[in-house]
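Our numbering puts the sequence shown at residues 209 to 576.
Where a beta carbon is used, it is the ideal one built from N, C-alpha and C, also for glycine.
Please read these numbers as outputs of a predicted model, since none were measured by experiment.
Let me begin by presenting the structure, written as structure tokens, before commenting on it.
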Amino acid sequence: MDIFQNQRRDFIKKTALGAGSIGLVSSSVFANELSSPAQERLGIALVGLGNYATGQLAPALEQTENCYLAGIVTGTPEKAESWKAKYNLKSENIYDYNSFDEIANNDEIDAVYIVLPNSMHAEYVIRAAKAGKQVICEKPMALTAAEGQTMIDACTENGVTLSIGYRLQYDPYHNAIITAAQEKTYGEMTYVSSQFGFKIGDPTQWRLKKALAGGGAMMDVGIYCIQAARYIFDAEPIAVTAQEFKTDDVKFAEVDETITWQMEFPDGRVSNHTTSYAFGTNHLMVSAERTRAMLEPAYSYGGLKGYIGDKVLDFGKFSQQALQLDAMAVNIVQGKPSKTSGKEGLADLKVIDAIYQSLANGGKRVTI
Ligand code: NDP
Numbered sequence: 209m210d211i212f213q214n215q216r217r218d219f220i221k222k223t224a225l226g227a228g229s230i231g232l233v234s235s236s237v238f239a240n241e242l243s244s245p246a247q248e249r250l251g252i253a254l255v256g257l258g259n260y261a262t263g264q265l266a267p268a269l270e271q272t273e274n275c276y277l278a279g280i281v282t283g284t285p286e287k288a289e290s291w292k293a294k295y296n297l298k299s300e301n302i303y304d305y306n307s308f309d310e311i312a313n314n315d316e317i318d319a320v321y322i323v324l325p326n327s328m329h330a331e332y333v334i335r336a337a338k339a340g341k342q343v344i345c346e347k348p349m350a351l352t353a354a355e356g357q358t359m360i361d362a363c364t365e366n367g368v369t370l371s372i373g374y375r376l377q378y379d380p381y382h383n384a385i386i387t388a389a390q391e392k393t394y395g396e397m398t399y400v401s402s403q404f405g406f407k408i409g410d411p412t413q414w415r416l417k418k419a420l421a422g423g424g425a426m427m428d429v430g431i432y433c434i435q436a437a438r439y440i441f442d443a444e445p446i447a448v449t450a451q452e453f454k455t456d457d458v459k460f461a462e463v464d465e466t467i468t469w470q471m472e473f474p475d476g477r478v479s480n481h482t483t484s485y486a487f488g489t490n491h492l493m494v495s496a497e498r499t500r501a502m503l504e505p506a507y508s509y510g511g512l513k514g515y516i517g518d519k520v521l522d523f524g525k526f527s528q529q530a531l532q533l534d535a536m537a538v539n540i541v542q543g544k545p546s547k548t549s550g551k552e553g554l555a556d557l558k559v560i561d562a563i564y565q566s567l568a569n570g571g572k573r574v575t576i
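Encoded structure:
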């Protein structure tokens, strides 16, 4: 943590109480309390300026209280120009993929956030760790659990933290269900049913290329269902059984289109899931001993709707990404492990490895 100037550390420390308990409210609630010059916040560089970085993360970094957009890494010179103007970035804080490692010498960049196609996550997380920067990486963390482990090892060896961009663990709707599970408000959680899919467009995009994506709908959005079952049951699955379906062998020649799967948890509990690139579905249903909870949509960036028993959930407007980034910034500065650390990413990849293994073996039950 000696990379931070005392002033910055003190600032974050002072504000950590509010931001650390952000779970159920908008970071804007803290606006007056936390407003501070940008240089006192954690400087973040976004790596890969695609749809998610452009549409969600950069706007969120304009709302965050504990971190700000300090730099960018892009392979597209036009984006470098337009982002520099839009976000008032310094020229020396703009990198491309060749100059990326020079970020090690830039004190204004405390953390880098990898928002590249899946197959590039491992390389850039490891390079960022070697540059001594705190690392945030998008989901899926890697293509396999083995690859994910190399990323965790690199961060450990270089003394930096690794967080995975699981925005929903910072979302109040999901946290309401997690809290009910932890506090056993309605008894034990007994069953999770969840689906997440969308109809994918452009047949030439990287998400349909195995070398860049690693897999299809499962790697991209099925992973949210795995996460949900794991955090609601607060347990790791012990076995999976999976089934695959295809309506378009040409478009989905390299990656999975639709997968259904079941996860077995200790004590005989089970979860049941569907993910797809062929149709839209966005749903989470949880049975507890004394009630049910439901979210639909469950996994969108906003507009989540749902209930727990007879309680309708309504948390107003907020940015999931701002909540996520602010909470991560506090943890980084305090040297605390991230709520969504590399270990979380790895746990999901172990399940995904097992799901693909089940499919490769005709839907056989695979123990984890
Ligand atoms: P995009 O295709 O929109 O953007 C990816 C960016 O990566 C490109 O714009 C480009 O940026 C850079 N890039 C570098 N090399 C390549 C390459 N060979 N092919 C394509 N792009 C390349 O993807 P998304 O923003 O949708 O997704 C990026 C990551 O974020 C993925 O891992 C995805 O799973 C994750 N994600 C997470 C979400 C969440 O809710 N947590 C939501 C959406 C995505 P440049 O031009 O700057 O070099």
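Three-state class that DSSP yields for residue i in the structure shown
i           : result
residue 571 : coil
residue 537 : helix
residue 287 : helix
residue 415 : helix
residue 394 : coil
residue 429 : helix
residue 576 : coil
residue 453 : strand
residue 349 : coil
residue 480 : strand
residue 229 : Here residue 229 scores only 28 on pLDDT, less than 50, and its place in the model is too uncertain to base an answer on.
residue 563 : helix
residue 324 : coil
residue 282 : coil
residue 236 : With a pLDDT of 32 at residue 236, under the threshold of 50, the predicted position of this residue should be treated as unreliable, and no value is reported.
residue 383 : helix
residue 489 : strand
residue 364 : helix
residue 401 : strand
residue 300 : helix
residue 506 : coil
residue 552 : helix
residue 440 : helix
Cβ pair residue i, residue j closer than 8 Å
i           : j           : result
residue 501 : residue 385 : yes
residue 297 : residue 279 : yes
residue 481 : residue 433 : yes
residue 439 : residue 517 : no
residue 326 : residue 420 : yes
residue 548 : residue 377 : yes
residue 560 : residue 427 : yes
residue 265 : residue 254 : yes
residue 446 : residue 322 : no
residue 328 : residue 550 : no
residue 330 : residue 557 : no
residue 303 : residue 281 : yes
residue 449 : residue 486 : no
residue 553 : residue 347 : yes
residue 363 : residue 533 : no
residue 288 : residue 312 : no
residue 574 : residue 562 : yes
Where the alpha helix (DSSP H) through residue i begins and ends
i           : result
residue 419 : 418-421
residue 335 : 329-338
residue 265 : First-last for residue 265: undefined, no H or E at that position.
Anticipated Cβ contact below 8 Å, residue i with residue j, distance rounded
i           : j           : result
residue 478 : residue 399 : 7 Å
residue 404 : residue 429 : 4 Å
residue 341 : residue 318 : 7 Å
N-terminal and C-terminal residue of the beta strand (DSSP E) that residue i is part of
i           : result
residue 500 : 500-503
residue 519 : 519-521
residue 255 : 250-255
residue 514 : 514-516
residue 370 : 370-372
residue 272 : Premise fails: residue 272 is in no beta strand (DSSP E) and is neither H nor E.
residue 317 : First-last for residue 317: undefined, no H or E at that position.
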